[in-house]
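K.L.:
First, the structure itself, so that you have it in front of you.
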Amino acid sequence: MLNRPLSDEAAWQFLTTDSQRLLESGWQVLLPAWWEAATRKKPKLRAKVRPGEGAGERTKGSSLFGLDSIVQFDWRVAIGDADLSESEFAELVARNERLVRFRGQWIALDPALLAQIRRAMAGIDSAQGLSFQDILQLHLLGNADEPEGDASGEQPEDAARFRLEVELNAHLLKLISQLGRQSEWPALDVPDGLQAELRTYQRDGYAWLAFLRRFGLGACLADDMGLGKTVQFITYLLHLQDIAAETGVRSSSLLICPTSVLGNWQKELSRFAPSLKVMLHYGSKREQGDLFREEVEQADVILTSFATATLDQELLQSMTWDSVCLDEAQNIKNAQTKQSTAVRSFPARHRIALTGTPIENRLSELWSIYDFINPGYLGSSRAFSNRFINAIEKEHNEQRTLDLQKLVQPFMLRRKKKDPAIQLDLPDKNEMKTYIHLTSEQGALYDQIVKELMERMQKLEGIERKGAILSALTQLKQLCDHPALLTKEALPDTVASGYSQADLEAVISRSSKLERILAMVKELREEGERCLIFTQYIGMGQMLQRVLAQELQEPVLYLNGSTSKTARDRMIDQFQSHTLPPAEQPSVFILSLKAGGVGLNLTAANHVFHFDRWWNPAVENQATDRAYRMGQTKDVQVHKFISLGTLEERIDEMLESKQQLSDQIITSTEGWITELSTDALKDLFTLRRDWA
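Everything in the sequence shown is counted per the working numbering, starting at 47 for the first residue and increasing by one.
See the structure below:
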């Protein structure tokens, strides 16, 4: 009997079960040399992309792929060194043998494993193809040996027993390689219409946006605040304009942003790309229906707010946009809100998200942004939660964290000011203007003050006239900061006592400046950076201190003319310190321009905000130099806030053009304004509503 050859079934029984029992009973068992290798040869199911896939021709400006595009492939099954076609594998399975000799080598076949492979092949019809999304994710995850599971995120019991791989052809291999390597992005000329000099990293960002558009892939540009996301996107818009000129096919882009930065976008588009035709869709007088569609046909860019886009969802989703871009995309971090649902419903050939904070608190915020730029790429919200959120946020699973990074990386470009390549490329001091609209309350009060002043101008002369003008000027400047400065509303008694949540939200909502600076300070604090905020008004400084301290949950300093020398020195030491416990370390320093604008060394800050303007550039520069001075090791970002349509904008234009006023006239006082004629005064003060 021992000399008799064993049947295949008996051989399998002996090799897998009987030999083990003999060993346990003390017998010495010699197994064939090939047996160990045969048991290690687990089948691998591979989707081999056909040679011609991804090589199709495309017209200028059109997308070649898109994540939903179907890629044709053939099934291959690898077992050890043997590579089987789908038909060869079927023949092998049909033999119904556990141990077979195939192409000169022994192969151990586990029926349960073969059944799993057959189910996988049956679940994906090779005749129907795989989506490019499936191909990309399989490749990015390194052909992970972990099936995805169903939409609930649950895994089958026999998960990870075979490997599902993808074999790319030359065309797709090149594309996916380019997605992951900045050095391989195709170079792209900067459009002639751009009125700016791009830095190297900004050219890269613009080329990246255009590259992803070419393949129908959404993009999240997540550079640090101050690195120029705005100008990179404007360059991209000019690129689309050039394509339209070449093809003769014009299509508008939709840009959605917070209401507080609508005016800033108008200014920046006009400054950097005057050839772009921009239409503002905002306010009670905005066009609807056919009139809106007619205006869209003549525009390159439609600019609107998140709130307006939500109200006009039906109108905006009735059109197919060339591109839809969300500025401050963290505004859709809650995917269940009407706002998030609305913006995801707008049809577009390309989707872009701009944000300095793609994740503020939770991974679900990242999912929401990605579900906008590339719908379905990270699965359903439930599947994403089961697969990543629970594993990463609760279990701190390193492999899942790595997997998510791999999936996210091709569609997010995030450069930080601390990056060596960026640091060398940035200017020492980068000044930028932030244009902000008035709230409806501010606008009504502004009109009232100007109307009353103009009525008084008919009756007053000399000193009384000058006094009335200066009084109105102060009122208007305070109003641009916050209406509560005019109404003399009481603040909380102390910083520690704070506002109630309802009062806090109400205070913030009444001033677009306050709303904007809160968002910007939160962003820079996320990066661990510090800032100075200059304001002329004690009431505004106190309000900023209370609001920021409550929102940031950290100490906020405020120095003004009444601050004693002892307290002043203590504040400076605290702010400059790098050794205080986090709970005691202030990183936001509010200063009166007169008290804090000279004589201080505050190099711990690398952001400077001029919340309201002092109309002598030298005075503002002196204040900025509290941070930008010897000992400063970081690039300094200077942010000057300007209320659109107000005297702030008019005086800023005068300072820039120097057509009406000389440096000798513009002094540290504003007495020159009192010398203007009534007509000139009316032109300077009257609220211009071309932004509304």
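All C-beta atoms, glycine included, are put in the ideal place defined by N, C-alpha and C.
Whose C-beta lies closer than 6 Å to the C-beta of residue 503 among residues of the same chain, with five residues either side of it excluded?
P.N.:
Contacts found: 724.
K.L.:
Count Cβ pairs between the region 254–263 and the region 295–305 that sit closer than 8 Å; are there 3 or more?
P.N.:
These segments do not touch.
K.L.:
Beta-carbon within less than 7 Å of residue 447's beta-carbon, same chain only, minus the 5 sequence neighbours each way: which residues are those?
P.N.:
The answer, listed in chain order, is 438.
K.L.:
Is residue 477 helix, strand or coil when you go by DSSP?
P.N.:
Strand.
K.L.:
Quick check on DSSP: helix, strand or coil for residue 714?
P.N.:
With a pLDDT of 42 at residue 714, under the threshold of 50, the modelled position of that residue is not reliable, and the figure given next carries that caveat. Of the three classes helix, strand and coil, the one that applies to residue 714 here is coil, per DSSP.
K.L.:
Starting from the Cα of residue 435, find the closest Cα among 468, 591, 408, 478 and give me that residue.
P.N.:
The option with the nearest alpha carbon to residue 435 is 408.
K.L.:
In whole angstroms, give me the CA-to-CA distance for residue 128 and residue 136.
P.N.:
Their Cα atoms are separated by approximately 14 Å.
K.L.:
Out of 727, 82, 55, 253, which has the shortest C-alpha to C-alpha gap to residue 497?
P.N.:
Nearest C-alpha to residue 497: 727.
K.L.:
Measuring straight from C-alpha to C-alpha, what distance separates residue 603 and residue 329?
P.N.:
C-alpha separation (whole angstroms): 38 Å.
K.L.:
Give the straight-line distance between the Cα atoms of residue 196 and residue 443, rounded to the nearest whole angstrom.
P.N.:
Annotation note: pLDDT 37 at residue 196 (below 50); position unreliable, coordinate value reported separately. Cα to Cα, the separation comes out at about 20 Å.
K.L.:
How many Å lie between residue 418 and residue 652 at the Cα?
P.N.:
The alpha-carbon atoms of residue 418 and residue 652 are separated by roughly 33 Å.
K.L.:
Taking contact to mean at least 3 C-beta pairs separated by less than 8 Å, is the region 270–284 in contact with the region 349–360?
P.N.:
No, because fewer than three Cβ pairs between the region 270–284 and the region 349–360 fall closer than 8 Å, the two stretches do not touch.
K.L.:
Measure the alpha-carbon distance for residue 626 versus residue 614 and round it to whole angstroms.
P.N.:
Each residue's Cα considered, the two are about 17 Å apart.
K.L.:
Output needed for residue 311: all residues of its chain with C-beta closer than 8 Å, excluding positions within five of it in sequence on either side, in chain order.
P.N.:
Result list for residue 311: 276, 301, 303, 349, 373, in chain order.
K.L.:
Taking the CB atoms as reference points, tell me whether residue 378 and residue 414 lie closer together than 8 Å.
P.N.:
A contact, by the Cβ cut-off of 8 Å.
K.L.:
Quick check: what's the CA-CA separation for residue 591 versus residue 682?
P.N.:
The alpha-carbon atoms of residue 591 and residue 682 are separated by roughly 22 Å.
K.L.:
So what does DSSP say about residue 683, is it helix, strand or coil?
P.N.:
Reduced to three states, the DSSP call for residue 683 is strand.
K.L.:
Below 8 Å, how does it come out for the region 354–368 and the region 382–393: are there three or more Cβ pairs, yes or no?
P.N.:
With a cut-off of 8 Å, the region 382–393 and the region 354–368 count as touching, because enough Cβ pairs lie within range.
K.L.:
Should the region 421–435 be regarded as contacting the region 236–244, the criterion being three or more beta carbon pairs within less than 8 Å?
P.N.:
The answer is no - the region 236–244 does not touch the region 421–435, with fewer than three Cβ pairs under 8 Å.
K.L.:
Is the beta carbon of residue 673 less than 8 Å from the beta carbon of residue 649?
P.N.:
Yes, the Cβ-Cβ distance between residue 673 and residue 649 is below 8 Å.
K.L.:
With a 10 Å radius around its C-beta and 16 neighbouring C-beta atoms as the bar for buried, classify residue 250 as buried or exposed.
P.N.:
Counting Cβ neighbours within 10 Å, residue 250 comes out buried, since at least 16 surround it.
K.L.:
Find out if the Cβ-Cβ distance for the pair residue 544, residue 596 is shorter than 8 Å.
P.N.:
Yes, these two residues count as a Cβ contact at 8 Å.
K.L.:
Around the C-beta of residue 705, are 16 or more other C-beta atoms found within 10 angstroms, so that it is buried, or is it exposed?
P.N.:
With a pLDDT of only 36 at residue 705, under 50, the local geometry of the prediction cannot be trusted, and the value read off the model is given with reservation. Under this definition residue 705 is an exposed residue.
K.L.:
Kindly indicate which three-state DSSP category residue 398 falls into: helix, strand or coil?
P.N.:
It is a strand residue.
K.L.:
Across the region 683–690 and the region 477–485, are there enough close Cβ pairs to call them in contact, namely three or more that are closer than 8 Å?
P.N.:
Flag = yes, the region 683–690 and the region 477–485 touch.
K.L.:
Tell me whether the beta-carbon of residue 487 lies closer than 8 Å to the beta-carbon of residue 556.
P.N.:
Yes, the Cβ-Cβ distance between residue 487 and residue 556 is below 8 Å.
K.L.:
From this set, 628, 620, 632, which residue's C-alpha is nearest residue 594's C-alpha?
P.N.:
Residue 632 is the option with its Cα nearest to residue 594.
K.L.:
Going by Cα to Cα distance, which pick from 445, 375, 634 is closest to residue 587?
P.N.:
Closest option to residue 587, Cα to Cα, is 634.
K.L.:
Report yes if the C-beta distance between residue 637 and residue 618 is below 8 Å; otherwise report no.
P.N.:
The answer is no: Cβ separation not under 8 Å.
K.L.:
For residue 384, I'd like the list of residues in its chain whose CB is within less than 6 Å of its CB, leaving aside the five on either flank, ordered along the chain.
P.N.:
Closer than 6 Å at Cβ, skipping near neighbours: 356.
K.L.:
Ignore the nearest five residues each way along the sequence and tell me which others in residue 694's own chain have a CB closer than 7 Å to its CB.
P.N.:
Taken in chain order, the residues that qualify are 526, 659, 688.
K.L.:
Taking DSSP as the reference, what is the three-state secondary structure of residue 728?
P.N.:
In this structure, residue 728 counts as helix in the three-state DSSP scheme.
K.L.:
Among the residues of its own chain, which have a CB less than 7 Å from the CB of residue 256, if the five just before and after it don't count?
P.N.:
For residue 256, where only same-chain residues beyond five positions count, the Cβ hits under 7 Å are 234, 282, 285.
K.L.:
Relative to the alpha-carbon of residue 80, which residue among 225, 153, 143 has its alpha-carbon at the smallest distance?
P.N.:
Minimum Cα distance to residue 80 is reached at 153.
K.L.:
Taking the beta carbon of residue 547 as the centre, do at least 16 other beta carbons fall within 10 Å, making it buried, or is it exposed?
P.N.:
The residue is exposed, with fewer than 16 neighbouring Cβ atoms inside 10 Å.
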